[in-house]
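*Asks:* Below is the structure I would like to discuss, written out as structure tokens.
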Amino acid sequence: MGLFRDLSQLPETAKGGVLVIGNFDGVHKGHQAVLSRALEKAQEIEGDRKTEVTVLVFDPHPRQYFAPHAPSLRLTRLETRARLLEQYGATNIVALTFNKNMAEMSAEDFIQKIIIESFDARAVCIGHDFHFGKNRAGTPDMLKTAGDMHGFDVLFIAAVSPDNAGERPYSSTAIRECLTRGEISQATNLLGDYWRLEADVQQGDQRGRTIDFPTANLSLEDYHLPLFGVYAVTIEMLNGSFGGQKFTGVANLGIRPSFETEAPRLEVFIFDFDGDIYGDTLSVGLVDFIRPEQQFDNLDALKAQIARDVQSAREVLASL
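Going by full-length UniProt numbering, 66 is the number at position 66 of the sequence shown; the sequence numbering is gapless.
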């Protein structure tokens, strides 16, 4: 994967290409349209060598830097974004640390030091509402003027909307709202795929195993929290002994009120699987919302409900 955390790591082949700038949280259909246009532009200007498309993102998100204690709005972690961006055609993904120096960089310096000196961009592709530099002083018009002066094209990509008239444009905000309401099919439509949470399997309290439903426990730290409840899910093992294998299952997302757990987490019961995956990384996709999280008076009632949840999830997943 061509993921770089520092401009000094950037290969020479990334220079003189098409630079795409944005946050790309979720890599939804609107983001995919931006990348598609960037790839078209790269083909238009391709000469003696392949013109590469490089995506520039910031990590953490500037909003997290300025409001560090606010609830996380993140849909995808950096590694997930990079993998998706590469899947949709980007050659390089550069993730610059958004820190005090970056926050105080003027719009003029951003153009000169980043776009011109670091990337020597032939074209810059941005969303219609892109702003940059200290206090968001840099505007699309300012970038266009700089491009005319320094010899790089600037492509403004308008907001992309679903085919259904009157629907909101594709956006990370709209996806978060769908997840918060448990509207999983709508979120899937905006993303073009299931919303996926990627995390390492942590040691749990083994309660699931005592009632014949052992679970893989994943932290929800740094993620936007969907509606608490039970979901039908897909699972892909990203590494470890089972790396590359895919499964289906049912998962509880929340605080487990029956056990008075404080920190939200995802507990995944993987169908037809029995293996040691502690420490391995899973990608869990939410397919459908089954029911809200609820509290049970005893383990027998909980076990009976989980059995019903498993049946409901299998019925949902049978059509995949």
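We treat Cβ as the ideally placed atom computed from N, Cα and C, and that holds for glycine.
1. Is the beta carbon of I270 less than 7 Å from the beta carbon of F247?
2. Exposed or buried, which one is L299 when buried takes at least 16 other CB atoms within 10 Å?
3. Report whether the distance from the Cβ of R181 to the nearest heavy atom of the ligand HEM is below 6 Å.
4. Touching or not, the stretch 73-86 and the stretch 37-48, by the rule of three or more beta carbon pairs under 8 Å?
5. So P292 is in the beta strand (DSSP E); what residue range does that whole segment cover?
6. Do the CB positions of G39 and G89 come within less than 7 Å of each other?
7. Express the C-alpha separation of L302 and L253 in angstroms, rounding to a whole number.
8. Verify whether the separation of the beta carbon atoms of F213 and I306 is less than 7 Å.
9. Would a C-beta distance cut-off of 7 Å place F242 and G285 closer than the cut-off?
10. Please check the pair G16 and D148, which I expect to be a contact at CB under 8 Å, by giving their CB distance rounded to whole angstroms.
11. Have a look at T234 and Y194 and give me their C-alpha separation to the nearest angstrom.
12. Between the stretch 217-233 and the stretch 154-171, do three or more beta carbon pairs fall short of 8 Å?
13. Go through its chain and collect everything with a Cβ distance to P292's Cβ below 6 Å, but skip five positions before and after it.
14. Assuming M237 and L266 form a contact by the criterion Cβ under 8 Å, report the distance between their Cβ atoms to the nearest whole angstrom.
15. For S219, list the residues DSSP reports as bridge partners.
16. State the Cα-Cα distance for the pair E12 and E52, rounded to the nearest angstrom.
17. Measuring straight from C-alpha to C-alpha, what distance separates Q112 and N135?
18. Mind listing, in chain order, the continuous beta strand (DSSP E) runs of no fewer than 3 residues lying wholly within the stretch 58-117?
19. For the structure I just gave you, are there three or more beta carbon pairs, one from the stretch 92-101 and one from the stretch 59-68, closer than 8 Å?
20. Going by the DSSP bridge assignment, what does A232 pair with across the sheet?
21. By alpha-carbon positions, which one of P264, F4 and I93 ends up nearest to L225?
22. Measure the CB-CB distance between F110 and F132 and report whether it falls below 7 Å.
23. Alpha carbon to alpha carbon, how far is D297 from V124? Give it in angstroms, no decimals.
24. What residues in its chain sit with their C-beta under 6 Å from that of S312, if we drop five residues either side in the sequence?
25. What's the C-alpha gap between A199 and A33?
26. May I ask you to report which of helix, strand or coil DSSP gives G127?
27. Assuming G30 and V154 make a contact with CB atoms under 8 Å, what is their CB distance in whole Å?
28. What are the start and end residues of the beta strand (DSSP E) that includes G199?
29. How is D141 classed by DSSP in three states: helix, strand or coil?
30. Work out the CA separation of G138 and A165 for me, nearest whole Å.
31. Check the C-beta distance from I175 over to A158 and give it rounded, since I have them as a contact under 8 Å.
32. Per DSSP, what kind of secondary structure is L19 in: helix, strand or coil?
33. Measure the beta-carbon distance from D288 to Y231 and round it to whole angstroms, keeping in mind my assumption that it falls under 8 Å.
*Replies:* Based on what the coordinates show:
1. The residue given as residue 270 occupies position 270 in the sequence shown. The residue given as residue 247 occupies position 247 in the sequence shown. Cβ atoms of I270 and F247: closer than 7 Å.
2. Start at 1 with the first residue of the sequence shown, and residue 299 comes out as number 299. Looking at its Cβ environment, which holds fewer than 16 other Cβ atoms inside 10 Å, L299 is exposed.
3. No copy of the ligand HEM appears in this structure; indeed no ligand is present at all.
4. no
5. Taking the sequence shown and counting its residues from 1, one reaches residue 292 at position 292. That run of the beta strand (DSSP E) goes T281 to P292.
6. As a first step, residue 39 is located in the sequence shown; it is residue number 39 there, counting from the start. As a first step, residue 89 is located in the sequence shown; it is residue number 89 there, counting from the start. It is worth fixing the name first, because residue 39 is Leu in this sequence and not Gly. Contact flag set, yes.
7. Residue mapping note: residue 253 aligns to position 253 of the sequence shown, counting from 1. Residue mapping note: residue 302 aligns to position 302 of the sequence shown, counting from 1. Distance between the alpha carbons of L253 and L302 is about 15 Å.
8. Counted from its first residue, the sequence shown places residue 213 at position 213. Counted from its first residue, the sequence shown places residue 306 at position 306. Contact flag set, yes.
9. The count along the sequence shown starts at 1 and reaches residue 242 at position 242. The count along the sequence shown starts at 1 and reaches residue 285 at position 285. Taking 7 Å as the Cβ cut-off, F242 and G285 do not qualify as a contacting pair.
10. Along the sequence shown, read from residue 1 onward, the residue named residue 16 stands at position 16. Along the sequence shown, read from residue 1 onward, the residue named residue 148 stands at position 148. Contact flag wrong, Cβ pair sits at about 18 Å.
11. Numbered from its first residue, the sequence shown carries residue 234 at position 234. Numbered from its first residue, the sequence shown carries residue 194 at position 194. In a straight line, the C-alpha of T234 is about 9 Å away from that of Y194.
12. no
13. One-based indexing of the sequence shown puts residue 292 at position 292. Excluding residues within five positions, the ones whose Cβ falls inside 6 Å are G229.
14. One-based indexing of the sequence shown puts residue 237 at position 237. One-based indexing of the sequence shown puts residue 266 at position 266. In fact, because the Cβ distance is near 15 Å, the residues do not count as touching under 8 Å.
15. The residue given as residue 219 occupies position 219 in the sequence shown. According to DSSP, S219 bridges with R265.
16. Counting from 1 along the sequence shown, the entry for residue 12 is found at position 12. Counting from 1 along the sequence shown, the entry for residue 52 is found at position 52. Cα to Cα, the separation comes out at about 10 Å.
17. Here residue 112 is taken as the residue at index 112 of the sequence shown, counted from 1. Here residue 135 is taken as the residue at index 135 of the sequence shown, counted from 1. If you take the alpha carbons of Q112 and N135, they lie about 17 Å apart.
18. 92-97
19. yes
20. Within the sequence shown, residue 232 is the residue found at index 232, counting from 1. According to DSSP, which records beta bridges pairwise, A232 is partnered with V250 and D288.
21. In the sequence shown, counting from the first residue as 1, residue 225 sits at position 225. If we check each option's Cα against that of L225, P264 comes out closest.
22. Counting from one through the sequence shown, the residue named residue 110 turns up at place 110. Counting from one through the sequence shown, the residue named residue 132 turns up at place 132. A contact, by the Cβ cut-off of 7 Å.
23. As a first step, residue 124 is located in the sequence shown; it is residue number 124 there, counting from the start. As a first step, residue 297 is located in the sequence shown; it is residue number 297 there, counting from the start. Rounded to the nearest angstrom, the two C-alpha atoms are 59 Å apart.
24. As a position in the sequence shown, residue 312 is number 312, starting the count at 1. Excluding sequence neighbours, S312 sits near I290.
25. Locating residue 199 in the sequence shown gives position 199, counting from the first residue. Locating residue 33 in the sequence shown gives position 33, counting from the first residue. Taking the straight line joining both Cα atoms gives about 28 Å.
26. By one-based count along the sequence shown, residue 127 stands at place 127. G127 falls in the strand class under three-state DSSP.
27. Translated into the one-based positions of the sequence shown, residue 30 becomes position 30. Translated into the one-based positions of the sequence shown, residue 154 becomes position 154. Wrong, their Cβ atoms sit about 18 Å apart, outside the cutoff.
28. Stepping through the sequence shown from its first residue, residue 199 is reached at position 199. At residue 199 the sequence reads Ala, which differs from the Gly that was named. It spans W195 to Q202 - the beta strand (DSSP E) in which A199 sits, taken as one unbroken run.
29. In the sequence shown, the residue the question calls residue 141 occupies position 141. Three-state DSSP puts D141 in a helix.
30. For the purposes of this step, residue 165 is identified with residue 165 of the sequence shown, where counting begins at 1. For the purposes of this step, residue 138 is identified with residue 138 of the sequence shown, where counting begins at 1. In this prediction, A165 has a pLDDT of 47, which is less than 50 and means its spatial position is unreliable; what the coordinates show is noted afterwards. Distance between the alpha carbons of A165 and G138 is about 32 Å.
31. The count along the sequence shown starts at 1 and reaches residue 175 at position 175. The count along the sequence shown starts at 1 and reaches residue 158 at position 158. Their Cβ separation, rounded to whole angstroms, is 19 Å, which puts I175 and A158 out of contact at 8 Å.
32. For the purposes of this step, residue 19 is taken as residue 19 along the sequence shown, with counting starting at 1. Strand at L19.
33. Here residue 288 corresponds to residue number 288 of the sequence shown, with the count starting at 1. Here residue 231 corresponds to residue number 231 of the sequence shown, with the count starting at 1. With a Cβ gap of about 7 Å, D288 and Y231 count as contacting.
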